[in-house]
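In what follows, a structure is listed as structure tokens, so that the remarks can point back to it.
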Amino acid sequence: MAEGLKRPQTQQIAAQAVLGSARLVLESGKHPGQLKDEVCSPFGSTIRGVVVLEKGAFRGTVIDALRTTIARARLP
-7 MAEGLKRPQT QQIAAQAVLG SARLVLESGK HPGQLKDEVC SPFGSTIRGV
43 VVLEKGAFRG TVIDALRTTI ARARLP
């Protein structure tokens, strides 16, 4: 919405990005880091978005969330 798009548009863009990324990882069998290197262009828009995610500790946050979920699921 900050870029002038309405909520339905931003929801669609975000959902398609996540879905497309997940499909690429599952169907290619490649490591996400390798796919990032293959997909991103130097100074391109995708790598700029990836850099923002990395600055925000996205990977670590996902790992922490999974660990917390798994730990909770193991409780009696």
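Take the sequence shown: its position 12, counted from the start at 1, is 4 in my numbering, and no numbers get skipped. Built from N, CA and C at the ideal position, the CB exists for glycine as well.
Test item: CB-CB of V17 and P24 under 7 angstroms: With a cutoff of 7 angstroms on beta-carbon distance, V17 and P24 are scored as near each other.
Coil, strand or helix - K28 by DSSP: helix
Alpha-carbon spacing of P0 relative to Q8, whole angstroms: Rounded to whole angstroms, P0 and Q8 show a C-alpha spacing of 12 angstroms.
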